[in-house]
Amino acid sequence: MMAPKLTLTAALAASTLALGASVAMAEKWDMPMAYSATNFHSEMGVVFADKVRDYTGGDIDITVHPGGSLFKGGEIKRAVQTGQAPIGERFMSAHANEAPLLGWDNLPFVATTYADNDKLWAAAKDKVNAQLSDLNLVALYTCPWPGQGFYFKKAVNSSADTQGVKFRSYNTATATFAEALGMVPVQVEAAELSQALATGVAESFISSGSTGYDRKVWEHLTHYYKVNAWLPRNYVMVNKGVWEALDGDTQAEIQKAADETGAACSAKSAELAGWYFEQLAENGMAVEDAGPDFLAELEAIGAKMTADWLASTGADGQAILDAYNN
Ligand code: PCA
9 MMAPKLTLTA ALAASTLALG ASVAMAEKWD MPMAYSATNF HSEMGVVFAD KVRDYTGGDI
69 DITVHPGGSL FKGGEIKRAV QTGQAPIGER FMSAHANEAP LLGWDNLPFV ATTYADNDKL
129 WAAAKDKVNA QLSDLNLVAL YTCPWPGQGF YFKKAVNSSA DTQGVKFRSY NTATATFAEA
189 LGMVPVQVEA AELSQALATG VAESFISSGS TGYDRKVWEH LTHYYKVNAW LPRNYVMVNK
249 GVWEALDGDT QAEIQKAADE TGAACSAKSA ELAGWYFEQL AENGMAVEDA GPDFLAELEA
309 IGAKMTADWL ASTGADGQAI LDAYNN
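Residue numbers for the sequence shown, in this note's numbering: 9 to 334.
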């Protein structure tokens, strides 16, 4: 009677081991994203998840949660830092209040084309990654929004027209910009933007044509000025501990998925930029270049903002701009 019992115990132990091993192999990762499901950033998040599943042979199974549905935009970075979520996506310069270097892509009129934005990222990347590492994060890929311009519910020719206007900001830099124009900033997530415009909490904002289109802002606003002040980036970040616990092959497979998705996302952004303007115009908005007086004021404010950023980032910020300008 001893032999069968031993065999049974051994068989049980073996199947438990096998079960344990397969559970450990297929890791399920929830990935909170801040912007709407139909936005290209979110669609590319799904492309990334599919590639990761494919390249890792199903070992890493990512579920995308767009629109701030799992964590609100403003909570995603902390969720990933603390490991509440292993991976997530967020607007990088939203974190510049905590780490000024992360505002590298929010410098007005410094890099206003996709090619220049790429060049600036190449100059900033190592320092930004070091900063993210200090925050317990690893960036897998970044992806630019189209150029940023101003939305209003009236024609605006200069700061004489912007005094006292309630302005939706998306980070500290845009709040500073608004204040310099005499506006009154309030920070609102893109996911809550339509509501803020509908209730009069905000009556102006700076963003791409993409977010204006996503949020159907023609229901509340009338004018878009294509200032093209900067092309800010979203980034997909993973918790550093989670990343370092992966074996090298799995890291390489995920990074390959990330590199391909980042390139495809950037190309998609460039491809859609003009199309968004057409949609705003078709829905009745005046889509125009900023007039010379307004533009001159924006450039003067922008130069001061870049100087402030350099003051807050010291030698690192200067090294990024020097590398970019060379
Ligand atoms: N859309 C995002 C960030 C930049 C952009 O174009 C937003 O307005 O929140």
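Quick reminder that beta carbons are idealized off the backbone N, C-alpha and C, glycines included.
Taking 8 Å as the cut-off, the Cβ atoms of Ser-277 and Phe-48 count as close.
Look at Gln-156: its beta carbon is less than 7 Å from one of the heavy atoms in the ligand PCA. For Leu-115, no alpha helix (DSSP H) encloses it, and the DSSP letter there is neither H nor E. By the criterion of at least three beta-carbon pairs nearer than 8 Å, the stretch 122 to 142 is not in contact with the stretch 169 to 176. Within the same chain, Cβ atoms closer than 7 Å to the Cβ of Ala-45 are found at Pro-74 and Gly-75, the five residues on either side in sequence being excluded.
The stretch 212 to 291 contains, as complete alpha helix (DSSP H) runs of 4+ residues, the segments 217 to 222, 248 to 252 and 256 to 290 (chain order).
The beta-carbon distance between Leu-201 and Thr-219, rounded to whole angstroms, is 7 Å. This is short enough to meet the 8 Å contact definition.
With a contact defined as Cβ atoms closer than 8 Å, Tyr-149 and Thr-269 qualify at about 6 Å. Remark: the C-beta of Phe-99 is in contact range of the ligand PCA, defined as less than 7 Å to any heavy atom. Short note on Trp-153: C-beta closer than 7 Å to some heavy atom of the ligand PCA.
If you check the CB distance, Gly-249 and Gly-91 come in under 8 Å. Val-225 and Asp-257 have their C-alpha atoms roughly 45 Å apart.
In this structure, the C-beta of Tyr-232 stays at least 7 Å away from each heavy atom of the ligand PCA. Taking each of Met-52, Ala-132 and Gln-287 in turn and checking the Cα distance to Ala-331, the smallest one comes out for Ala-132. In the three-state DSSP reduction, Pro-300 falls in the helix class (H, G or I). Judged by DSSP secondary structure, Leu-140 falls within the alpha helix (DSSP H) whose first and last residues are 122 to 142.
Boundaries of the alpha helix (DSSP H) harbouring Thr-180: 180 to 188, taken from the DSSP string.
Taking 7 Å as the cut-off, one finds no heavy atom of the ligand PCA near enough to the beta carbon of Tyr-63.
By the C-beta criterion, the stretch 74 to 88 is judged to be in contact with the stretch 185 to 204, since at least 3 inter-stretch pairs fall below 8 Å. Counting along the chain, Ala-206 sits inside the alpha helix (DSSP H) bounded by residues 201 to 206.
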